[in-house]
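Undergrad: Take this structure, written in structure tokens, and hold onto it; I'll ask about it next.
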Amino acid sequence: MRKPPSIALLSVALLGLFGFSSMSSSEPPPPSGASSPSSSDLIKTPVTRIFPGDVDLAPKVKSPVADDAAAAERGRKYFANFNCVGCHADNGGGGMGPALSNRSFIYGGSAENIYLTISQGRPNGMPAWGAILPSNVIWDLAAYVQSISKAPETQWGKTTSLDALKIEQVPAEFKATPDPWQFTEPFTDGQKPNGE
Amino acid sequence: MGVRGWVTALDEKDGSTVWRAYSTGPDKDVLIGEDFKPFYDSLKGKDLGVSTWPAEHWLNGGGTVWGWISYDPQLNLIYYGTANPGPWNSNQRPGDNLWTTTIFARDADTGAAKWGYQINPHDLWDYDEINENVLLDLDIDGQARKVLVHIGRNGHMYVVDRKTGEVLSAEPYDTVTSIKTIDLKTGRPVLDESKHPDLEKVIRDVCPASPGAKDWQPTAWSPRTKLLYVPHQHLCMNYKTSEVGYIAGTPFVGATVDMYAGPGGYRGEFTAWDVANKKKAWSIAENFPVWSGTLVTAGDVAFYGTMDRWFKAVDAKSGKLLWKFHAGSGIIGQPVTYEGSDGRQYIAILSGVGGWSGAVANAEIDPRVRNGALGFTGATQDLPTYTKGGSELLVFAIPKDAAVQAQTSP
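From first to last, the protein sequence lines stand for chains A and B.
For our numbering, add 506 to where a residue sits in the first sequence, where the first one is 1.
For our numbering, add 158 to where a residue sits in the second sequence, where the first one is 1.
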């Protein structure tokens, strides 16, 4: 049986496949007009706002693609290319991996939190992509994940009643978009989707 | 996940490997040798587990063995089915992709293949054929036959001569649009070509959906009624393929799937199938896929559970509902019956929904995104309004005295 490729080989293969030019430095240059936060700042990003004492722990870092409207669309393609879609499903509906479509994030929902989750990996199956993907790709993925998470309502806790489910997204086979919550239709209770 | 399936025999005393048979690759790995006598010509040839794939693709082509193994002690043969080829996007793997979605008969002592029969050459829809093979001795068309009944994911009830691998009949037992018929001369399905999943094209109304007309949930055979009791789903789907790269440790799929209720709007069925006469005896439509196993007793009572929490007993001859019990969670377990130390008969079942069909109710999955859980969310998106996950063992005693049965709650 063929052995799985080593991380380094896989990295080269992926970069070759998707056309990144530089492999000599571990941090390819960020998109023009933005600077990547330092690793030491990034690692201090809090995953919660519940702290003892009166402290201000607002993140000191900002996604270099925070103001880049095209980042989420690039992230959508990476989400498919790196098989994120295999576990988290189209539009992040969830499957083997948790849903990313509902504003609920165990490890924090800011772009910085999501960057760290992708980069470091998380328990129960989330691989650590930091050694494999360039940081600008991870920032684009974080922008996409934030974009698809914007479900129309937020609520405390989680309850389900018979009439709780009123809408569903236009399914991904009909609509490829980094912003699927902009395209919804009435909930169909397991029947055929309404259409295009 | 881009794996390579196999089945292994272990020495029960020390756990050492006696033999291992891969589902893809060269004949020596698949344990295909002199004894291999497949019935159909398309299955004869050298190293078909290599030549029916693009170069090297058999190394991660799937064909896992995650279902049931049957044993015939007279013939000393084991029977099992292999799963689908990977990835789901069939455009990336031209060829028949042997020996995926294949029933194998193997010598139990050596693993040597006696015959093989591929159910879905070049599978298009994730119709993996790991479902159980029920070994029956039946009179068919006036002849005593040793048969194997395979309840196909692809919606057909295969009756196969278990000595030779010849398909005697293959009738649809649920709505099928993806396959026109099974050609008994070649053993191959005749596909509806208008539904071919060209890359990036949305194919609509593919029935059965990817979990098949029936998935892993086992049937039960009654030698009294001569009926096979089949718990199954009734789902169709939209399906769109896309290019996918193999990355070790990540899913290898390349398909956007969206399942929904089949014609009639219901999603599951409990069917009594008359094997010898190749037709349905009766069936009960259920709102959700019937994802539980089933049990039939010598008292002619059949038991099954539903995803919306009902455990049901029906008359095995007519399908008439005799009794039902509302469990704490949906039922996808397998009912058993036994005689207790007190001499009474008991029926036991686990409740606790989950699995592919029920993940939307017990895992972090969004019911509003139809393509979740490889498209199963679309078909069971309202399940969270009926049940959550659970873990409950229910045991029911059969009343001692039939006369007091009506007054006794189980």
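We treat Cβ as the ideally placed atom computed from N, Cα and C, and that holds for glycine.
#1: Tell me, to the nearest whole angstrom, how far the beta carbon of B/R574 is from that of B/D416; I am working on the premise that it is less than 8 Å.
#2: Secondary structure at A/P537, three-state DSSP: helix, strand or coil?
#3: Locate the alpha helix (DSSP H) running through A/L622, then write down its first and last residues.
#4: So with CB distances below 8 Å, who are the chain A contacts of B/Y418?
#5: Report buried or exposed for B/H149, applying the criterion of at least 16 other Cβ atoms within 10 angstroms of its Cβ.
#6: For B/Y275 versus B/R311, is the C-beta distance shorter than 8 Å?
#7: So, using beta-carbon positions, are A/P684 and A/E579 closer together than 8 Å?
#8: Can you tell me whether DSSP reads B/M159 as helix, strand or coil?
#9: Would B/A456 and B/R502 be called neighbours here (beta carbons separated by less than 8 Å)?
#10: If the cut is a Cβ gap below 7 Å, which residues of chain A does B/G423 touch?
#11: Quick one: which unbroken alpha helix (DSSP H) runs of 4-plus residues sit fully inside the segment 174-211 of chain B? Chain order, please.
#12: Only counting the same chain, and skipping five residues up and downstream in sequence, which positions put a Cβ closer than 7 Å to that of A/A605?
#13: Is it the case that the Cβ atoms of B/Y387 and B/A413 are separated by a distance below 8 Å?
#14: In or out: A/P658 buried (at least 16 other Cβ within 10 Å) or exposed?
#15: As an exercise, report each continuous alpha helix (DSSP H) stretch of at least 4 residues that is fully enclosed by the segment 446-512 of chain B, in chain order.
#16: Using the rule of at least 16 other Cβ atoms within 10 Å of the residue's Cβ for burial, across every protein chain shown, is B/D187 buried or exposed?
#17: Report back the beta-carbon spacing between B/G163 and B/T240 to the nearest angstrom; my notes put them in contact at under 8 Å.
#18: Between which residues of its own chain and B/S515 is the CB-CB distance below 6 Å, once the five residues before and five after are set aside?
#19: Quick one, are the C-beta atoms of A/R582 and A/S655 less than 8 Å apart?
#20: Give the DSSP-derived three-state secondary structure of A/S527 in the structure shown.
#21: Identify, in the order they occur along the chain, each residue of the same chain with its Cβ nearer than 6 Å to the Cβ of B/G498, setting aside the five sequence neighbours on each side.
#22: Looking at chain A, is there any beta carbon in it that lies within less than 8 Å of the beta carbon of B/Q539?
#23: Excluding the 5 residues flanking B/N234 on each side, which residues of the same chain have their C-beta closer than 6 Å to its C-beta?
#24: A/S546 bridges to which residues according to DSSP?
#25: I want to see whether chain B comes within less than 8 Å of A/E659, judged by CB atoms only; does it?
#26: Based on the DSSP output, what are the partners of B/H308 in its beta bridges?
#27: Since A/A670 meets chain B, which of its residues come closer than 8 Å, beta carbon to beta carbon?
#28: Within its chain, find whatever has a CB closer than 6 Å to the CB of B/P347; leave out the 5 residues flanking it on each side and keep chain order.
#29: Should A/T665 be counted as a contact of the ligand MG given a C-beta to heavy atom distance under 7 Å?
#30: Name the residue from B/L201, B/S174, B/G219, B/L541 whose alpha carbon lies nearest to the alpha carbon of B/G183.
#31: Tell me the DSSP secondary structure of B/Y275 in three-state form.
#32: Ignoring anything shorter than 3 residues or poking outside the segment 322-364 of chain B, list the beta strand (DSSP E) runs there in chain order.
#33: I'd like to confirm the pairing. Which residues does DSSP put opposite B/T399 in its beta bridges?
TA: Taking the structure as given:
#1: No answer is possible for residue 574 of chain B: it lies beyond the span of chain B, which begins at 159 and ends at 568.
#2: What you label residue 537 of chain A is simply residue 31 of the first sequence in a count that begins at 1. For A/P537, the pLDDT reaches just 49, beneath the cut-off of 50, and the residue's location in the model is therefore unreliable, leaving the point undetermined.
#3: Numbered from 1 along the first sequence, position 116 holds the residue referred to as residue 622 of chain A. From DSSP, the alpha helix (DSSP H) with A/L622 extends over 617-626.
#4: Taking the first residue of the second sequence as 1, we reach residue 418 of chain B at position 260. In chain order: T694, G696, Q697, K698, P699.
#5: Residue numbering for chain B in the displayed model covers 159 to 568; residue 149 of chain B lies beyond these limits and cannot be assessed.
#6: Working through the second sequence from its first residue, we reach residue 275 of chain B at position 117. Working through the second sequence from its first residue, we reach residue 311 of chain B at position 153. Not closer than 8 Å, so no.
#7: What you label residue 684 of chain A is simply residue 178 of the first sequence in a count that begins at 1. What you label residue 579 of chain A is simply residue 73 of the first sequence in a count that begins at 1. Their beta carbons are under 8 Å apart, which means A/P684 touches A/E579 by this criterion.
#8: In the second sequence, the residue the question calls residue 159 of chain B occupies position 1. DSSP, reduced to helix, strand and coil, places B/M159 outside both helices and strands of the structure shown, so it counts as coil.
#9: Counting from one through the second sequence, the residue named residue 456 of chain B turns up at place 298. Counting from one through the second sequence, the residue named residue 502 of chain B turns up at place 344. For the 8 Å CB-CB criterion, B/A456 and B/R502 do not form a contact.
#10: Numbered from 1 along the second sequence, position 265 holds the residue referred to as residue 423 of chain B. Per Cβ cutoff of 7 Å: Q697.
#11: Qualifying alpha helix (DSSP H) stretches, in chain order: 185-188, 206-209.
#12: For the purposes of this step, residue 605 of chain A is taken as the residue at position 99 of the first sequence. G598, G599.
#13: Stepping through the second sequence from its first residue, residue 387 of chain B is reached at position 229. Stepping through the second sequence from its first residue, residue 413 of chain B is reached at position 255. Contact flag unset, no.
#14: On the first sequence, residue 658 of chain A is found 152 positions in, with the first residue counted as 1. With fewer than 16 other Cβ atoms within 10 Å, it is exposed.
#15: If we require 4 residues or more, the segment 446-512 of chain B turns out to have no alpha helix (DSSP H) run fully inside it.
#16: Residue 187 of chain B sits at position 29 when you count from the first residue of the second sequence. Buried is the call here.
#17: Position 5 of the second sequence, counted from the first residue, corresponds to residue 163 of chain B. Position 82 of the second sequence, counted from the first residue, corresponds to residue 240 of chain B. Yes, they are in contact, since the Cβ atoms of B/G163 and B/T240 sit about 6 Å apart, within 8 Å.
#18: Residue numbering aside, residue 515 of chain B sits at position 357 when the second sequence is read from its first letter. Within the same chain, B/S515 has close Cβ partners P447, W449, F534, T538.
#19: Within the first sequence, residue 582 of chain A is the residue found at index 76, counting from 1. Within the first sequence, residue 655 of chain A is the residue found at index 149, counting from 1. The answer is no: Cβ separation not under 8 Å.
#20: Locating residue 527 of chain A in the first sequence gives position 21, where the first residue counts as 1. Residue confidence is low: A/S527 scores 37 on pLDDT, short of 50, so the model does not pin down where it sits. Its coordinate-derived value is still stated next. A/S527 carries a coil assignment under DSSP once its states are collapsed to helix, strand and coil.
#21: Here the question's residue 498 of chain B lines up with position 340 in the second sequence. Within the same chain, Cβ atoms closer than 6 Å to the Cβ of B/G498 are found at Y504, the five residues on either side in sequence being excluded.
#22: By one-based count along the second sequence, residue 539 of chain B stands at place 381. Chain A has a Cβ within less than 8 Å of the Cβ of B/Q539.
#23: Within the second sequence, the letter at position 76 stands for residue 234 of chain B. Excluding residues within five positions, the ones whose Cβ falls inside 6 Å are A266.
#24: Taking the first residue of the first sequence as 1, we reach residue 546 of chain A at position 40. For A/S546, which the question treats as bridged, DSSP gives no partner whatsoever.
#25: If you number the first sequence from 1, residue 659 of chain A lands on position 153. A/E659 does not count as touching chain B.
#26: Numbered from 1 along the second sequence, position 150 holds the residue referred to as residue 308 of chain B. Within the DSSP bridge table, the entry for B/H308 names B/N291, B/Y316 as partners.
#27: What you label residue 670 of chain A is simply residue 164 of the first sequence in a count that begins at 1. The answer, in chain order, is T543.
#28: Taking the second sequence and counting its residues from 1, one reaches residue 347 of chain B at position 189. If we look at B/P347 and ignore the five residues flanking it on each side, its Cβ neighbours are I337, I340.
#29: Looking for the ligand MG in the displayed structure turns up nothing, as the structure carries no ligands at all.
#30: Counted from its first residue, the second sequence places residue 183 of chain B at position 25. Proximity to B/G183 across B/L201, B/S174, B/G219, B/L541 peaks at B/G219, based on C-alpha coordinates.
#31: Mapped onto the second sequence, residue 275 of chain B falls at position 117. Secondary structure of B/Y275 (DSSP, three-state): strand.
#32: Here the runs fully enclosed are 325-330, 337-340, 347-349, 361-364.
#33: Counting from one through the second sequence, the residue named residue 399 of chain B turns up at place 241. Note: B/T399 sits in a beta bridge opposite B/L357, B/A413.
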